[in-house]
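Visitor:
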Amino acid sequence: MIFNTAIELTYSSIGKVGKHFVSLIFVIFFFILLCNLIGMIPYSFTVTSHLIITFTLALTIYIGFNIIGIKKYKLNFLNLFLPPGANLALVPILVPIELISYIFRVISLPVRLFANMMAGHTLLKVIAGFAWSMLNVNSFIFIAHFIPLILIVLLVGLEISVAIIQAYVFTILTCMYIGDAINLH
Numbered sequence: 033m034i035f036n037t038a039i040e041l042t043y044s045s046i047g048k049v050g051k052h053f054v055s056l057i058f059v060i061f062f063f064i065l066l067c068n069l070i071g072m073i074p075y076s077f078t079v080t081s082h083l084i085i086t087f088t089l090a091l092t093i094y095i096g097f098n099i100i101g102i103k104k105y106k107l108n109f110l111n112l113f114l115p116p117g118a119n120l121a122l123v124p125i126l127v128p129i130e131l132i133s134y135i136f137r138v139i140s141l142p143v144r145l146f147a148n149m150m151a152g153h154t155l156l157k158v159i160a161g162f163a164w165s166m167l168n169v170n171s172f173i174f175i176a177h178f179i180p181l182i183l184i185v186l187l188v189g190l191e192i193s194v195a196i197i198q199a200y201v202f203t204i205l206t207c208m209y210i211g212d213a214i215n216l217h
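When the letters of the sequence shown are read in order and numbered with my numbering, they come out as residues 33 to 217.
1) May I have the straight-line CA-CA distance separating Val-143 from Phe-87, to the nearest angstrom?
2) Going straight from the alpha carbon of Phe-162 to that of Pro-180, what length do you get?
3) Using the Cβ count rule (16 or more neighbours within 10 Å means buried), how would you classify Ala-195?
4) Looking at C-alpha atoms only, which residue of Trp-164, Ile-204, Ile-132, Ile-73 is the closest neighbour of His-153?
5) Expressed to the nearest angstrom, what Euclidean distance is found between the alpha-carbon atoms of Leu-187 and Leu-156?
6) Determine, for Gly-152, whether the minimum Cβ-Cβ distance to residues of chain B falls below 8 Å.
7) Which residue wins for smallest C-alpha separation from Cys-207, given the options Ile-57, Thr-37, Trp-164?
8) Go ahead and pull the three-state DSSP assignment for Phe-133.
9) Counting only the same chain and skipping the five closest in sequence on each side, list residues whose C-beta sits under 8 Å from that of Leu-83.
10) When DSSP labels each residue in this structure, what does Ser-81 get in the three-state scheme?
11) What would DSSP say about Pro-116, mapped onto helix, strand or coil?
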């Protein structure tokens, strides 16, 4: 079921040429998903909450699909930076904008994953620390002790959802970027 979803995602973003990338997309999705979910285990390390890890992964993918695009199209790969049907008077403006947009893909992809994982896991750890300190307080208002625990359960559910969504977003953006490099828009 999940592999069929990876096939459909790859074919819809890349096209029939995407059959060569299905296993890569599948592995990227599960690698990021596992790295995100491992961080949900108490006292474990969230790999994707560190920018260097996500940046290295994104840079590897970025260099890979650029090599594939350059190998396939040679010098025509530069047509990627000029939208089809663009007026020649707009070329000095459009090409730098497209080039900057293309370069920033390697920055936006890892920062999105890093920021979401870092923020969610940090919030979870702060609330867990607060809940632990509330349980150690000796007071007669025992119902107030359970409010942080209920909040933690809700946040864990939210964080698991975010982990799955971020793995999917990273994967679908990777498919779109590969599709742009292979199909030149």
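Yeah, the Cβ is synthetic: ideal placement off N, Cα and C, and Gly gets one too.
From a predicted model like this one, the values you see are computed outputs, not experimental measurements.
Guide: Considering the structure as presented:
1) Residue numbering aside, residue 143 sits at position 111 when the sequence shown is read from its first letter. Residue numbering aside, residue 87 sits at position 55 when the sequence shown is read from its first letter. Val-143 and Phe-87 have their C-alpha atoms spaced approximately 8 Å apart.
2) Numbered from 1 along the sequence shown, position 130 holds the residue referred to as residue 162. Numbered from 1 along the sequence shown, position 148 holds the residue referred to as residue 180. Each residue's alpha carbon lies about 7 Å from the other.
3) Residue mapping note: residue 195 aligns to position 163 of the sequence shown, counting from 1. Counting other Cβ atoms within 10 Å of its Cβ, Ala-195 reaches 16 or more and is therefore classed as buried.
4) As a first step, residue 153 is located in the sequence shown; it is residue number 121 there, counting from the start. For His-153, the nearest C-alpha among the options comes from Ile-73.
5) Stepping through the sequence shown from its first residue, residue 187 is reached at position 155. Stepping through the sequence shown from its first residue, residue 156 is reached at position 124. Cα atoms of Leu-187 and Leu-156: separation of roughly 7 Å, rounded to the nearest angstrom.
6) Absent from the structure: chain B. Only one protein chain is present.
7) Sequence index remark: in the sequence shown, residue 207 carries index 175 (1-based). Nearest of Ile-57, Thr-37, Trp-164 to Cys-207, Cα basis: Ile-57.
8) Along the sequence shown, one-based indexing puts residue 133 at 101. Sequence inspection shows Ser at residue 133; the Phe mentioned does not correspond to that position. In this structure, Ser-133 counts as helix in the three-state DSSP scheme.
9) Counted from its first residue, the sequence shown places residue 83 at position 51. When the five nearest sequence neighbours on each side are left out, the beta carbons in the same chain lying within less than 8 Å of the beta carbon of Leu-83 are those of Pro-142, Val-143, Phe-146, in order along the chain.
10) As a first step, residue 81 is located in the sequence shown; it is residue number 49 there, counting from the start. Looking at Ser-81 - three-state DSSP - the assignment turns out to be helix.
11) Residue numbering aside, residue 116 sits at position 84 when the sequence shown is read from its first letter. Note: Pro-116 maps to coil in three-state DSSP.
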